[in-house]
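**Student:** Just so you know, the protein sequences line up as chains A and B, in that order.
For this note's numbering, add 15 to where a residue sits in the first sequence, where the first one is 1.
For this note's numbering, add 15 to where a residue sits in the second sequence, where the first one is 1.
Protein chains: 2
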Amino acid sequence: MSKLKHGLRGLCVFVFFAMVSMALHAQADPLPSWNDTTPRKAITAFVQRVTAENTPDFVPVDQRIATFDNDGTLWVEQPMYTQLAFVIARVKDLAPKHPAWKTTQPFKGVLEGDIKAVAATGEKGLIELMAATHAGVTVEQFQKIVADWLATAQHPKFKRSYTECVYQPMLELLAYLRANGFKTYIVSGGGVEFMRPWTEKIYGIPPEQVVGSSIKTKFEMVDGKLDLMRLPDINFIDDGPGKPVGINQFIGRRPIAAFGNSDGDQQMLEWTAEGDGLRFMLLVHHTDAVREYAYDRKSSVGRLDKALDEANAKRWTVVDMKNDWKTIFPPAQ
Amino acid sequence: MSKLKHGLRGLCVFVFFAMVSMALHAQADPLPSWNDTTPRKAITAFVQRVTAENTPDFVPVDQRIATFDNDGTLWVEQPMYTQLAFVIARVKDLAPKHPAWKTTQPFKGVLEGDIKAVAATGEKGLIELMAATHAGVTVEQFQKIVADWLATAQHPKFKRSYTECVYQPMLELLAYLRANGFKTYIVSGGGVEFMRPWTEKIYGIPPEQVVGSSIKTKFEMVDGKLDLMRLPDINFIDDGPGKPVGINQFIGRRPIAAFGNSDGDQQMLEWTAEGDGLRFMLLVHHTDAVREYAYDRKSSVGRLDKALDEANAKRWTVVDMKNDWKTIFPPAQ
Numbered sequence: 016m017s018k019l020k021h022g023l024r025g026l027c028v029f030v031f032f033a034m035v036s037m038a039l040h041a042q043a044d045p046l047p048s049w050n051d052t053t054p055r056k057a058i059t060a061f062v063q064r065v066t067a068e069n070t071p072d073f074v075p076v077d078q079r080i081a082t083f084d085n086d087g088t089l090w091v092e093q094p095m096y097t098q099l100a101f102v103i104a105r106v107k108d109l110a111p112k113h114p115a116w117k118t119t120q121p122f123k124g125v126l127e128g129d130i131k132a133v134a135a136t137g138e139k140g141l142i143e144l145m146a147a148t149h150a151g152v153t154v155e156q157f158q159k160i161v162a163d164w165l166a167t168a169q170h171p172k173f174k175r176s177y178t179e180c181v182y183q184p185m186l187e188l189l190a191y192l193r194a195n196g197f198k199t200y201i202v203s204g205g206g207v208e209f210m211r212p213w214t215e216k217i218y219g220i221p222p223e224q225v226v227g228s229s230i231k232t233k234f235e236m237v238d239g240k241l242d243l244m245r246l247p248d249i250n251f252i253d254d255g256p257g258k259p260v261g262i263n264q265f266i267g268r269r270p271i272a273a274f275g276n277s278d279g280d281q282q283m284l285e286w287t288a289e290g291d292g293l294r295f296m297l298l299v300h301h302t303d304a305v306r307e308y309a310y311d312r313k314s315s316v317g318r319l320d321k322a323l324d325e326a327n328a329k330r331w332t333v334v335d336m337k338n339d340w341k342t343i344f345p346p347a348q
Numbered sequence: 016m017s018k019l020k021h022g023l024r025g026l027c028v029f030v031f032f033a034m035v036s037m038a039l040h041a042q043a044d045p046l047p048s049w050n051d052t053t054p055r056k057a058i059t060a061f062v063q064r065v066t067a068e069n070t071p072d073f074v075p076v077d078q079r080i081a082t083f084d085n086d087g088t089l090w091v092e093q094p095m096y097t098q099l100a101f102v103i104a105r106v107k108d109l110a111p112k113h114p115a116w117k118t119t120q121p122f123k124g125v126l127e128g129d130i131k132a133v134a135a136t137g138e139k140g141l142i143e144l145m146a147a148t149h150a151g152v153t154v155e156q157f158q159k160i161v162a163d164w165l166a167t168a169q170h171p172k173f174k175r176s177y178t179e180c181v182y183q184p185m186l187e188l189l190a191y192l193r194a195n196g197f198k199t200y201i202v203s204g205g206g207v208e209f210m211r212p213w214t215e216k217i218y219g220i221p222p223e224q225v226v227g228s229s230i231k232t233k234f235e236m237v238d239g240k241l242d243l244m245r246l247p248d249i250n251f252i253d254d255g256p257g258k259p260v261g262i263n264q265f266i267g268r269r270p271i272a273a274f275g276n277s278d279g280d281q282q283m284l285e286w287t288a289e290g291d292g293l294r295f296m297l298l299v300h301h302t303d304a305v306r307e308y309a310y311d312r313k314s315s316v317g318r319l320d321k322a323l324d325e326a327n328a329k330r331w332t333v334v335d336m337k338n339d340w341k342t343i344f345p346p347a348q
């Protein structure tokens, strides 16, 4: 008995220390999907410096604002922006109610997969598509349409839902920053109402911390209830120089850290860099044709050209996806 | 010695219980400036119901969004909106650099205190005033201009700074809601950049939780730095039907509680009321000509007419300032 007791106690002690060790290990490795290369070192060094009280680089918690682009920074944007895949699916869904679309551009092109014909309709065509697929419903109806589509749609290359095509290293980075007192925001050229239905569950970013492009809404009577109707008019384009404008408009503070992957993020990173005190700017460079995609200066989606030159010149951190990330996606659900 | 020890122990026990009693008392009275009348009872009943887990009215923390109008709801708006007092002061400040203003409306009227002449210039005149006093500087320069003005300006009736002309019962209400897991927002017709420099200190509401009217900004090179320049163009009017639009645009969730004092808040309260589950709508009715001001249906500033009828019809809570509030302002600093 005594031997058994002794053995049990030993086992308990072992389990206890194993758990402590795991806890310590977890604490010591908040970024397990990041290789021990420059970006990871730069991130952890920055966070340690701005959180060290009574040092020159310390930043109070309320000023620890970090902004993240979405397409290509937090989730896949190839072979086309997910929101464009949604537009195509929605045109197909709605087509039976609009027989004229079979013979009218840009709808005909979308239905027939004739991208050239769609592109030929230019901005006018894009606005018609946006009006047909994003407007004419209330804000809450649109949220449901988006959530329903995302629940079944699959990425053509990865054969998993779009919300599973998010970058595991970036999920860890978001959590790591929040654990260190940062408030994490999305600042995306994508539609704000296209992101808000799922960003809290997937990224831990609540709707009020999502900044994006938007169409106008109107407060009016809809089916006997006062509600917000979505109108076919552009309200705000949150891209390029619109990103610092949007950040100031929605957040009212300059970020101390900004994360992007394309020329559309250049001004957000520039404005972040121009603030006082220690700053952190990072670009995700898509270099992994096997595990994801490889593209930069010549890509029509998520082009990274001028911002890459500026990053190199100003020594912003650049993630080489192939070499700096151990894994790309979270495990399939 | 033993007697002394006994006495000391008794004293300690007494002090301990006195402290516990004070703590309990503090906990029991989060709204000491509110009389024990209907509004106070309605507020505490609402908060108790939405925070009681495993009951039908329970609301998860992340959905506890409360929106507050500012002018006339959180601070004094008579005899004129504080932002208008700022415009007048700024025109006087800038006048030496603009000699033509002495002979040109609406500036001449502002400089001479001729409100009729200013009013006669209509919307065009107001936009000129806005452009001259609110634009042509960077976002951060404007924040400093506002903060500097507020540091010395005094309210004409109360002879204290404008940020001391805030309502003590509402400060307690903001803190009480936050202590119960609510996220408190300002949703004001006033300029967002006019509020953000001071709302965190005065109300405990950080810049990113302030929604308001705005002018456009542009990301450009200013004095050799990339910065946000304020332009003389209206971007968004956050008033009346603009309030639900602004709330959706900036917060992306429908509030469960909304607080206002004028017809400009009617649609915000209506949209809040139309949501599912328990909701709370409150109007501050200015009925205290002695301690503050008495005005409603005929006032040109903060008119409360249609919204008061709707509040009565729909049994929204109406604060009778004279009878429901023990004190109006916090102690002078």
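Ideal Cβ placement from N, Cα and C applies to all residues, glycine included.
Using CA atoms only, rank isn't needed, just tell me which of R294(A), I230(A), K240(A), G239(A) is closest to T332(A).
**Tutor:** By 1-based counting over the first sequence, the position of residue 332(A) is 317. It is R294(A) whose Cα lies nearest to the Cα of T332(A).
**Student:** Can you grab the Cα-Cα spacing for the pair P259(B) / D278(A), in whole Å?
**Tutor:** Stepping through the second sequence from its first residue, residue 259(B) is reached at position 244. Stepping through the first sequence from its first residue, residue 278(A) is reached at position 263. Near 34 Å, if we compare the C-alpha coordinates of D278(A) and P259(B).
**Student:** Look up T82(A) in the DSSP assignment and say whether it is helix, strand or coil.
**Tutor:** To locate residue 82(A), count along the first sequence from 1; it is residue 67. Strand at T82(A).
**Student:** From what residue to what residue does the beta strand (DSSP E) around K198(B) run?
**Tutor:** Locating residue 198(B) in the second sequence gives position 183, where the first residue counts as 1. That run of the beta strand (DSSP E) goes 198 to 206.
**Student:** Please report the residue range of the beta strand (DSSP E) in which T332(B) lies.
**Tutor:** Locating residue 332(B) in the second sequence gives position 317, where the first residue counts as 1. T332(B) -> beta strand (DSSP E) spans 332 to 335.
**Student:** Drop a sphere of 10 angstroms on the beta-carbon of F73(A), count the other beta-carbons inside from all chains shown, and report buried for 16 or more, exposed for fewer.
**Tutor:** As a first step, residue 73(A) must be located in the first sequence, where it is residue number 58. By the 10 Å Cβ count, F73(A) comes out exposed.
**Student:** Compare the Cα-Cα distances from Q348(B) to each of D280(B), K174(B), K139(B) and report the closest residue.
**Tutor:** As a working note, residue 348(B) is residue 333 in the second sequence. Ranking the options by Cα distance to Q348(B), first place goes to K174(B).
**Student:** Can you tell me whether D163(A) is buried or exposed? The criterion is at least 16 other CB atoms within 10 Å of its CB, across all chains shown.
**Tutor:** Along the first sequence, read from residue 1 onward, the residue named residue 163(A) stands at position 148. D163(A) comes out exposed.
**Student:** Is there a Cβ from chain A that is less than 8 Å from the Cβ of T232(B)?
**Tutor:** Position 217 of the second sequence, counted from the start, is the residue given in the question as residue 232(B). Output row for T232(B): interface = yes.
**Student:** Which residues in the same chain have their Cβ closer than 7 Å to the Cβ of C180(B), if we skip the five residues on either side of it in sequence?
**Tutor:** Start at 1 with the first residue of the second sequence, and residue 180(B) comes out as number 165. Excluding sequence neighbours, C180(B) sits near W90, V91, H170, F173, F344.
**Student:** Tell me the residue span of the beta strand (DSSP E) that contains H300(A).
**Tutor:** On the first sequence, residue 300(A) is found 285 positions in, with the first residue counted as 1. Element bounds for H300(A): 295 to 300.
**Student:** Please confirm whether I230(B) and I249(B) have their CB atoms less than 8 Å apart.
**Tutor:** In the second sequence, the residue the question calls residue 230(B) occupies position 215. In the second sequence, the residue the question calls residue 249(B) occupies position 234. In this structure, I249(B) lies closer than 8 Å to I230(B) by Cβ.
**Student:** On the DSSP letters alone, give me the boundaries of the beta strand (DSSP E) that A273(A) sits inside.
**Tutor:** As a position in the first sequence, residue 273(A) is number 258, starting the count at 1. A273(A) -> beta strand (DSSP E) spans 272 to 275.
**Student:** So the beta strand (DSSP E) R64(A) belongs to, where does it begin and stop?
**Tutor:** By one-based count along the first sequence, residue 64(A) stands at place 49. Careful: R64(A) lies outside any beta strand (DSSP E), inside the alpha helix (DSSP H) at 53 to 66.
**Student:** Output the boundary residues of the alpha helix (DSSP H) element that contains L186(A).
**Tutor:** To locate residue 186(A), count along the first sequence from 1; it is residue 171. From DSSP, the alpha helix (DSSP H) with L186(A) extends over 183 to 194.
**Student:** Taking just the CA atoms, how far does R105(B) sit from Y191(A)?
**Tutor:** In the first sequence, counting from the first residue as 1, residue 191(A) sits at position 176. In the second sequence, counting from the first residue as 1, residue 105(B) sits at position 90. The alpha-carbon atoms of Y191(A) and R105(B) are separated by roughly 45 Å.
**Student:** For the segment 290 to 307 of chain A and the segment 261 to 278 of chain A, state whether three or more C-beta atom pairs, one from each stretch, are separated by less than 8 Å.
**Tutor:** Judged by Cβ distances under 8 Å, the segment 290 to 307 of chain A makes contact with the segment 261 to 278 of chain A, as three or more pairs qualify.
**Student:** Restricting to Cα atoms, I'd like to know which of E289(A), G140(A), S314(A) is closest to G239(B).
**Tutor:** Translated into positions along the second sequence, residue 239(B) becomes position 224. Checking every option, the nearest Cα to that of G239(B) belongs to E289(A).
**Student:** Can you give me the Cβ contacts of V62(A) inside the same chain, cut-off strictly under 6 Å, excluding the 5 residues immediately before and after it?
**Tutor:** Counted from its first residue, the first sequence places residue 62(A) at position 47. If you ignore the 5 residues before and after V62(A), its C-beta comes within less than 6 Å of the C-beta of N195, all in its own chain and listed in chain order.
**Student:** With distance defined between alpha-carbon atoms, name the residue in A115(B), A146(B), M210(B), K337(B) nearest to K159(B).
**Tutor:** Residue mapping note: residue 159(B) aligns to position 144 of the second sequence, counting from 1. Nearest C-alpha to K159(B): M210(B).
**Student:** Can you give the Cα-Cα distance for T53(B) and Q264(B), rounded to whole angstroms?
**Tutor:** Indexing the second sequence from 1 puts residue 53(B) at position 38. Indexing the second sequence from 1 puts residue 264(B) at position 249. Those two C-alpha atoms are separated by around 33 Å.
**Student:** Grab me the residues of Q183(A)'s own chain with a C-beta within less than 7 Å of its C-beta, minus the 5 sequence neighbours each way, in chain order.
**Tutor:** Numbered from 1 along the first sequence, position 168 holds the residue referred to as residue 183(A). So the qualifying residues of the chain are S48, T342, I343, F344, P345.
**Student:** If you run the structure through DSSP and keep just helix, strand and coil, what is M16(A)?
**Tutor:** As a position in the first sequence, residue 16(A) is number 1, starting the count at 1. Per-residue confidence for M16(A) stands at a pLDDT of 46, beneath the threshold of 50, marking its modelled position as unreliable; the derived number appears in the next sentence. M16(A) falls in the coil class under three-state DSSP.
**Student:** Looking at the structure shown, is W49(A) part of a helix, part of a strand, or coil, going by DSSP?
**Tutor:** On the first sequence, position 34 is the one that residue 49(A) refers to. W49(A) falls in the strand class under three-state DSSP.
**Student:** Please check the pair V154(A) and E208(A), which I expect to be a contact at CB under 8 Å, by giving their CB distance rounded to whole angstroms.
**Tutor:** In the first sequence, residue 154(A) corresponds to position 139, counting from 1. In the first sequence, residue 208(A) corresponds to position 193, counting from 1. Correct: roughly 7 Å between the Cβ atoms.
**Student:** Strictly by DSSP, which residues pair up with S228(B)?
**Tutor:** Residue 228(B) sits at position 213 when you count from the first residue of the second sequence. Per DSSP, G206(B).
**Student:** Compute the Euclidean distance between the alpha carbons of L186(A) and H149(B), then round it to the nearest angstrom.
**Tutor:** Along the first sequence, one-based indexing puts residue 186(A) at 171. Along the second sequence, one-based indexing puts residue 149(B) at 134. The straight-line gap from Cα to Cα measures roughly 40 Å.
**Student:** Quick one, which of D44(A), F83(A), S176(A) has its alpha-carbon nearest T97(A)'s?
**Tutor:** The residue given as residue 97(A) occupies position 82 in the first sequence. Taking only the C-alpha atoms, the option nearest T97(A) is S176(A).
**Student:** With a threshold of 8 Å between beta-carbons, can I201(A) be considered close to chain B, or not?
**Tutor:** Position 186 of the first sequence holds residue 201(A). No, I201(A) does not count as interfacial toward chain B.
**Student:** Quick test of the definition: if touching needs 3 or more C-beta pairs under 8 Å, does the segment 114 to 132 of chain A touch the segment 302 to 317 of chain A?
**Tutor:** no
**Student:** How long is the line joining the alpha carbons of T136(B) and G206(A), rounded to whole angstroms?
**Tutor:** The sequence position of residue 136(B) within the second sequence is 121, counting from 1. The sequence position of residue 206(A) within the first sequence is 191, counting from 1. So the two alpha carbons sit approximately 39 Å from each other.
**Student:** Compare the C-alpha of A81(B) against each of I262(B), K233(B), T232(B), N50(B) and name the closest.
**Tutor:** Stepping through the second sequence from its first residue, residue 81(B) is reached at position 66. Considering only alpha carbons, the answer is I262(B).
**Student:** Can you find a CB in chain A that lies within less than 8 Å of the CB of F265(B)?
**Tutor:** For this step, residue 265(B) is matched to residue 250 along the second sequence. So, interface residue.
**Student:** Taking beta-carbon pairs under 7 Å, can you tell me which members of the segment 275 to 289 of chain A lie near chain B?
**Tutor:** Q282, E285, W286, E289
**Student:** For the candidate residues H301(A), K329(A), Q156(A), T178(A), whose alpha-carbon lies nearest to that of L319(A)?
**Tutor:** Against the first sequence, residue 319(A) aligns to sequence position 304. Of the listed residues, the one whose Cα sits closest to L319(A) is H301(A).
**Student:** Tell me whether the beta-carbon of P222(A) lies closer than 8 Å to the beta-carbon of R312(B).
**Tutor:** Walking along the first sequence from the start, residue 222(A) turns up at place 207. Walking along the second sequence from the start, residue 312(B) turns up at place 297. Not in contact: P222(A) and R312(B) (Cβ atoms no closer than 8 Å).
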